[in-house]
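Below is one structure, written out as structure tokens; the observations come after it.
Residue numbers (our numbering): 182 to 780.
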């Protein structure tokens with residue numbers, strides 16, 4: 182059986198085609214954002230760490246300056262400054278602490294052996310542009326990188342002003358100062374005045390700083406990776422959620438589409454599970470079986486519709502095809518309906534058996550159309566034959582009736598000869614009537630349709646049949662529907678058909694019977710329905726199948742053409758005639774006529 186597949190929506194197709202690039206693009210954007218944030222965080226940490234080191238160096242410089250200012254007003258010498266520098270530099274993390282002159286020569290150093298040497302070989306300290314505000318740089322000239330902070334050594338200027346107050350113009354003018362700043366009394370000035378500003382340098386070990394930055398960078402990368410993972414996971418989750426919603430909507434649309442297709446199929450469809458219970462049934466199958474769809478679900482296949490399902494299932498299990506197999510299905514009210522059965526096994530992609538699929542096609546309409554075609558073929562052949570035969574019979578009949586009438590007029594009085602002549606005339610009239618009906622059936626002529634009130638046509642026809650009905654003690658009732666609009670009909674030919682049906686009903690009933698006629702609009706097809714019901718003897722099922730065939734009659738004196746002509750007239754109006762009858766319960770003829778003229 183062909184499978185149903187719903188087409189992808191444009192939005193669904195776009196997502197499926199571009200989903201890898203969407204994820205890659207989202208990951209790149211997220212990675213760039215995290216990298217920028219990590220870089221900014223690293224720069225911020227560097228600034229904070231640098232500021233912390235500068236603040237520490239400032240504190241050390243401030244301590245040296247404060248100590249220097251303390252002993253400036255007292256007798257002391259460079260040994261006190263050297264001692265102060267050495268003691269201050271004993272704190273952990275200090276690579277060196279030095280006071281230098283404007284040319285970079287060391288005046289005081291935590292390493293006494295460095296006094297008198299240049300702070301940095303080959304560097305012009307005067308070009309540093311030092312000020313009273315601290316500046317820093319990374320010194321990579323040593324074996325290890327050093328965080329170096331430098332500034333003008335402020336106490337030197339204050340000491341210079343103090344010396345002017347003592348009558349000296351400058352440090353170099355001190356008569357008691359010797360080389361290295363030592364006076365002759367052993368207590369020289371703190372340090373000699375040199376050309377340019379006196380600077381202080383603090384070198385801090387940068388290793389803890391770099392280790393802290395590395396640790397912070399590692400922490401930042403771990404956090405960044407976590408954020409990236411969570412962000413990417415969230416993005417993928419959103420994409421999957423959107424994909425799930427689209428897939429769910431697609432599945433719902435597919436189910437709705439498949440359900441609508443299955444429900445609207447003109448053939449019956451049944452599916453069963455592995456236990457042989459019905460899982461799905463459409464409206465056509467429900468109508469064929471005469472069971473509500475809700476009641477069908479869950480019912481076992483065994484015995485359903487009086488069909489032998491086991492041989493069909495066994496044939497499917499043996500890989501035998503079941504296609505268009507004709508069977509008799511027991512429908513509602515015990516009616517047998519011919520159906521064409523096709524079946525197949527339902528197997529998933531993994532080869533797992535899920536159940537069976539059955540398709541039932543009603544052959545009743547096909548059989549009816551086939552029978553109608555055969556009937557039309559017979560009627561056509563019969564009409565052609567009847568047209569020729571009737572023409573040849575009528576001329577001799579006219580001569581026979583003339584001779585019979587002549588003989589009857591010559592015979593005086595009553596007697597067997599007179600009765601024979603009269604009988605001959607009656608039989609000739611009966612044969613002429615049969616031939617006329619045969620010609621009318623063979624060449625019914627074209628219908629002259631005009632818009633008229635069908636209720637008035639029925640009332641007029643009932644008045645024509647009223648004398649026969651009254652003579653037999655039959656009551657007639659007509660329920661007219663005033664809401665019916667006028668419809669296109671040939672009133673004369675329709676009157677002929679209705680009168681034939683009315684007289685047949687009167688003849689089929691015993692005295693005291695009732696002939697009921699009603700009009701309505703059939704809800705299923707929207708056609709006008711004329712219902713003619715009697716309380717007569719009814720007809721057996723084997724009779725019903727032949728009543729519209731020419732020359733079939735159950736009456737001793739009938740010609741068998743009355744109902745055939747009725748059928749031909751109704752068909753000429755583009756309508757349909759149905760009959761229902763049961764022995765002992767009467768008969769119902771229903772004529773269905775279109776509301777509009779047939780194209």
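Ideal Cβ positions, reconstructed from N, Cα and C, are used throughout, including at glycine.
Just to confirm before moving on: does the CB-CB distance between residue i and residue j stay below 9 Å?
i           : j           : result
residue 226 : residue 394 : yes
residue 609 : residue 592 : no
residue 708 : residue 699 : no
residue 695 : residue 716 : yes
residue 311 : residue 332 : yes
residue 831 : residue 334 : Absent from the structure is residue 831, since the part of the chain shown begins at 182 and ends at 780.
residue 795 : residue 481 : Outside the modelled stretch of the chain, which goes from 182 to 780, sits residue 795, for which no answer is possible.
residue 518 : residue 540 : no
residue 263 : residue 289 : yes
residue 269 : residue 307 : no
residue 651 : residue 719 : no
residue 630 : residue 754 : yes
residue 405 : residue 209 : no
residue 444 : residue 464 : yes
residue 470 : residue 477 : yes
residue 537 : residue 566 : no
residue 664 : residue 702 : yes
residue 598 : residue 612 : no
residue 772 : residue 710 : yes
residue 223 : residue 397 : yes
On the criterion of 16 or more Cβ atoms from any shown chain inside 10 Å, does residue i qualify as buried, or is it exposed?
i           : result
residue 768 : buried
residue 706 : exposed
residue 594 : exposed
residue 229 : exposed
residue 479 : exposed
residue 329 : buried
residue 648 : exposed
residue 336 : buried
residue 522 : buried
residue 249 : buried
residue 782 : The chain is shown from 182 up to 780; residue 782 falls before or after that span and cannot be answered.
residue 319 : exposed
residue 602 : buried
residue 722 : exposed
residue 542 : buried
residue 590 : exposed
residue 378 : buried
residue 353 : In this prediction, residue 353 scores a pLDDT of 37, lower than 50, which makes its location untrustworthy; the coordinate-derived value is nonetheless stated afterwards. Under this definition residue 353 is an exposed residue.
residue 410 : exposed
residue 534 : exposed
Would you mind reading off the limits of the beta strand (DSSP E) that contains residue i?
i           : result
residue 758 : 757-762
residue 386 : 380-386
residue 333 : 327-333
residue 467 : Note, residue 467: premise wrong, no beta strand (DSSP E); alpha helix (DSSP H) at 464-470.
residue 509 : 503-511
residue 784 : Limits of the chain in this structure are 182 at one end and 780 at the other, which puts residue 784 out of reach.
residue 542 : 534-543
residue 286 : No beta strand (DSSP E) contains residue 286, which DSSP labels as neither H nor E.
residue 319 : 316-320
residue 633 : 631-633
residue 863 : Since the first and last residues shown for the chain are 182 and 780, residue 863 lies out of range.
residue 592 : Unbroken run through residue 592: none, as it is neither H nor E.
residue 774 : 768-774
Over what stretch of residues does the alpha helix (DSSP H) that includes residue i continue unbroken?
i           : result
residue 752 : 743-753
residue 493 : 490-498
residue 336 : 336-346
Verify the contact flag: residue i, CB atom, against every heavy atom of the ligand GTP, threshold strictly below 8 Å.
i           : result
residue 688 : Of ligands this structure carries none, so the ligand GTP is not represented either.
The segment 633-647 contacting the segment 656-676, beta-carbon criterion three pairs below 8 Å: They touch, by the three-pair rule.
Those runs of the beta strand (DSSP E) which lie wholly inside the segment 650-738 and span at least 3 residues: With a minimum length of 3 residues, the continuous beta strand (DSSP E) runs that stay inside the segment 650-738 are 656-660, 668-670, 695-702 and 709-715.
Stretch-stretch touch, CB-based, cutoff 8 Å, three pairs: the segment 498-513 with the segment 413-433: Touching, no, given that fewer than three Cβ pairs across the two stretches are closer than 8 Å.
Contact the segment 382-389 vs the segment 226-246: 3+ CB pairs below 8 Å: With a cut-off of 8 Å, the segment 226-246 and the segment 382-389 count as touching, because enough Cβ pairs lie within range.
At least three beta-carbon pairs within less than 8 Å, the segment 427-435 to the segment 444-461: Taking one beta carbon from each stretch, the segment 427-435 and the segment 444-461 have fewer than 3 pairs nearer than 8 Å; the two do not touch.
The segment 275-283 touching the segment 400-420, judged by at least three CB pairs closer than 8 Å: With a cut-off of 8 Å, the segment 400-420 and the segment 275-283 do not count as touching, because too few Cβ pairs lie within range.
Runs of beta strand (DSSP E) lying entirely within the segment 412-481, each at least 3 residues, in chain order: For the segment 412-481, the continuous beta strand (DSSP E) assignments of 3+ residues that do not extend past its boundaries occur at 449-453 and 459-462, in sequence order.
Three-pair Cβ contact test at 8 Å for the segment 640-647 versus the segment 594-606: As far as the Cβ criterion goes, the segment 640-647 does not touch the segment 594-606, which means the pair count is below three.
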